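Below is one structure, written out as structure tokens, with a few remarks after it.
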Amino acid sequence: MRDRGNVVEHDQEGKPARLIGSIADISTEMEAEQHLRLTASVFQHAHEGIVITDPAACIIEVNDTFCAITGYTREEVLGRNTRFLRSGHQDRSFYGQMWAELLEKGVWHGEMWNRKKNGELYAQLSNISAVRNEHGKIIQFVGLFSDITALKESQRHLEHLAYHDALTQLPNRSLLADRMRMALLQAERNHTLTAVAYLDLDNFKPVNDQHTHATGDRLLVEVARRLLQTTRAGDTVARMGGDEFALIYNGLQTPDECEQVVHRLLARLAEPILLDGQALQLTASIGMTLYPLDGSDPDTLLRHADQAMYMAKQAGGNCFHMFDPERDRRLRAHREALERVDAALHDGELELHYQPKVDARSNAVIGVEALIRWRHPHLGLLRPAEFLPIALDTEFEAQLGDWALATALHDMETLLGHGYVLPVSVNITPHHLTHPDFIPSLSALLAAHPRLPAGVLELEILESTAMGDIDAVAEIIAACHRLGVSFALDDFGTGYASLTWLRRLPVQTIKIDQSFVRNMLEDSEDLAIVQGVISLAAAFRRQVIAEGVESTDHRQILTALGCHLLQGYGVARPMPLTQLRVWLQARQQSDTRSALPAPPAQ
Ligand code: C2E
Ligand code: CA
Ligand code: CA
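Pasting the structure below:
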């Protein structure tokens with residue numbers, strides 16, 4: 368046989384009648400058939416929906432999974448354009464882009480929402496490929512898709528969890544931040560006000576403690592409900608945690624409008640809440656700030672509202688407080704200035720200058736007053752009036768005072784090394800003197816300078832120091848006396864000290880305020896005051912010293928009136944320590960030991 372591979376059909380006589388095919392052909396055919404069966408099986412049993420369309424997107428074939436997912440039978444869809452599956456959830460541009468990509472690249476991959484036969488929506492992840500013939504012409508589209516609705520749902524659920532509070536279902540901080548950004552943009556666009564409010568329940572904790580945890584939760588849910596009731600669509604109520612909530616009100620025209628809203632809110636919240644037959648009452652403190660009057664960023668707006676809420680709390684609760692950007696600006700400027708002085712102290716920019724005090728009778732130097740200066744790197748030498756007020760009534764005040772005390776004693780020890788024993792007066796603020804650490808740290812400081820004789824330190828205090836609690840101040844003064852420290856009453860005559868008060872305050876020295884001294888030459892009333900203070904000091908057996916002595920005329924009158932202790936530009940100006948040494952030397956005051964003040968009167 369020529370072709371041994373041929374399969375031949377024989378007739379009845381056994382002659383070859385018809386060539387059916389070759390063996391080789393049969394095996395190829397079998398393979399092809401097997402292949403087809405396999406393909407068909409994959410097609411039918413695939414877990415993915417498969418749809419084959421003609422180039423015009425009309426369905427040629429679908430598999431069982433397609434039918435299972437969409438709910439259509441094969442017969443219902445054959446010949447139809449796939450468009451009938453559309454849900455309307457994607458716009459025209461979505462499909463435009465899809466087709467453009469499919470035609471250009473031959474494949475498209477993406478997610479879309481389609482609609483089942485029963486009208487239900489489902490999400491599908493699709494993979495569509497274009498099938499081309501040998502001339503490159505598209506002959507079919509094959510789409511594979513899987514149903515990812517469940518995945519989408521759980522994604523949505525997770526997102527909800529991530530952006531909502533589990534108890535009240537209100538937006539949480541993250542979502543609030545989003546909403547706030549949108550609200551601020553809207554306020555800018557529409558030229559309206561957006562109010563950011565922070566709300567904290569006043570008495571939630573005690574109510575919560577008295578009842579079960581579940582009751583507390585139900586209260587919070589009710590509060591959330593009431594908050595939502597009083598807001599408009601587009602406003603946001605968020606839970607910040609615990610019994611704290613934040614609110615955003617959009618589209619307000621005036622600050623008044625927002626006050627009305629808040630008052631309504633407070634009234635609604637204060638209505639009794641019925642739980643398990645019990646009427647519980649909750650009130651709230653609300654702080655609020657208005658954008659763009661307060662033009663801060665979202666985080667800062669929230670912080671401002673929180674600060675204002677704190678003020679409402681301090682005012683007793685069940686009320687609201689509006690954040691004041693101007694006041695805040697002042698406070699911030701003050702804080703920055705304070706930080707600057709604090710840095711100056713730590714960077715060694717502060718120094719003490721010393722102004723001598725003399726006894727006109729002997730011309731002896733009886734001591735020096737320490738006066739603080741700031742050698743500012745840009746502004747030059749600053750007087751205390753330019754920076755001390757910043758520190759007043761702050762924690763820093765005592766720190767600064769301690770530094771002045773330490774520096775003054777250190778400097779006097781330096782002078783001692785050069786043979787000068789000089790008493791030093793240090794100005795002490797009321798706040799510093801009455802600080803609980805004052806006596807302990809003063810005593811430690813003196814102990815650190817054992818070479819300095821007792822009586823070397825005098826503290827100058829203002830009349831106002833003892834205005835609060837004279838007994839407490841008298842006690843502190845007595846404790847200082849025991850440490851060998853004496854006192855002078857500064858700026859005497861400018862305050863409101865009464866005679867009884869003067870009698871009870873154990874100070875050794877009275878300083879006549881420089882304003883009276885300066886003007887006494889022209890002003891007879893000031894002269895009368897100076898005279899009065901001098902006699903008062905004599906009557907109470909106190910030393911008297913005049914400050915602001917600028918001229919020999921001042922000097923003469925004061926000594927004639929019986930005030931011999933003098934301090935002022937007429938004697939010497941305040942000067943740094945090195946200059947003081949030169950000044951002392953020039954006066955040839957080698958022995959100032961005799962100038963130490965008398966021991967404190969008991
Ligand atoms: P003060 O205690 O009444 O100090 C006297 C002030 O009068 C000083 O001003 C001094 O330089 C100035 N002075 C002295 N003699 C004359 C004079 O003849 N004419 C004029 N016009 N002024 C004179 P300074 O140094 O500017 O201090 C101002 C105030 O600052 C002080 O008033 C005191 O209350 C406070 N101060 C200064 N240093 C300190 C300090 O270390 N601690 C505290 N707490 N306060 C201080
Ligand atoms: Ca003084
Ligand atoms: Ca003074």
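Counting along the sequence shown from 1, when you hit position 298 you're at 665 in the working numbering, and nothing is skipped either side.
Ideal Cβ placement from N, Cα and C applies to all residues, glycine included.
Here the structure is a predicted model, which is why all the values come from computation and not from measurement.
So for residue 930, helix, strand or coil by DSSP? coil
Between the Cα of residue 780 and the Cα atoms of 824, 744, 738, which residue gives the shortest distance? 824
For ligand 2, which residues have a Cβ under 6 angstroms from at least one heavy atom, in chain order? 736, 794, 827, 857
Between 429, 408, 424, which has its C-alpha nearest residue 417's C-alpha? 429
Identify whether residue 389 lies in helix, strand or coil by the three-state DSSP scheme. Here the model assigns residue 389 a pLDDT of 48, short of 50, so the residue's position is not dependable, and the following value carries that caveat. It is a strand residue.
Quick one: is residue 809 buried, meaning 16 or more other Cβ sit within 10 Å of its Cβ, or exposed? buried
Using only alpha-carbon positions, find the residue among 422, 444, 414 that is nearest to residue 432. 414
Mind checking whether residue 618 and residue 557 have CB atoms under 8 angstroms apart? yes
Any chance the stretch 933–942 sits against the stretch 907–918, with 3 or more Cβ pairs inside 8 angstroms? yes
For the alpha helix (DSSP H) holding residue 663, just list the boundary residues, first then last. That residue, residue 663, is in no alpha helix (DSSP H); it is neither H nor E in DSSP.
The beta strand (DSSP E) spanning residue 489 covers which residue range? 488–499
Tell me whether residue 724, by its Cβ, gets closer than 7 angstroms to a heavy atom of ligand 3. no
Helix or strand or just coil, what does DSSP make of residue 951? helix
If we count the other Cβ atoms within 10 Å of its Cβ and call it buried at 16 or more, is residue 722 buried or exposed? buried
Quick check: does the Cβ of residue 878 come within less than 7 angstroms of any heavy atom belonging to ligand 3? yes
Rounded to whole angstroms, what is the Cα-Cα separation between residue 494 and residue 527? 29 angstroms
CA-CA distance, residue 397 and residue 403? 10 angstroms
Where the alpha helix (DSSP H) through residue 462 begins and ends: 459–472
One question on the structure: do residue 976 and residue 405 come within less than 8 angstroms of each other, judged by their Cβ atoms? Past the boundaries of the shown model lies residue 976; the chain is included only from 368 to 969, so the question cannot be answered.
Thinking just about the alpha-carbon of each residue, which of 675, 765, 796, 652 is nearest to the one in residue 834? 796
Whole-angstrom distance between residue 661 and residue 478, CA atom to CA atom: 44 angstroms
Answer yes or no: the CB of residue 559 versus the heavy atoms of ligand 1, is any distance below 7 angstroms? no
Nearer than 7 angstroms: is that true of the beta carbon of residue 910 relative to any heavy atom of ligand 3? no
How far does the alpha helix (DSSP H) with residue 526 in it reach, from first residue to last? 516–530
Helix, strand or coil at residue 652 according to DSSP, with G and I counted as helix: strand
Per the contact definition of three or more C-beta pairs closer than 8 angstroms, is the stretch 540–552 in contact with the stretch 441–460? no
Taking the beta strand (DSSP E) that residue 976 belongs to, which residues open and close that run? In this structure the chain extends from 368 to 969, so residue 976 is not present and cannot be described.
With a CB to CB cut of under 6 angstroms and the five nearest residues on each side skipped, what residues in its chain are close to residue 632? 597
For residue 904, I'd like the list of residues in its chain whose CB is within less than 6 angstroms of its CB, leaving aside the five on either flank, ordered along the chain. 877, 911
Residues bridged to residue 480 by DSSP? 490
Minimum Cβ-Cβ distance from residue 558 to chain D less than 8 angstroms: Looking for chain D here will not work: only one protein chain is present.
Residue 420, enclosing beta strand (DSSP E) - first and last residue: 416–420
In this structure, how does DSSP classify residue 450 when only helix, strand and coil are distinguished? helix
Going by the DSSP bridge assignment, what does residue 507 pair with across the sheet? 498
Rounded Cβ spacing between residue 606 and residue 532 (contact assumed at less than 8 angstroms): 4 angstroms
Heavy atom of ligand 1 less than 7 angstroms from the Cβ of residue 618, yes or no? no
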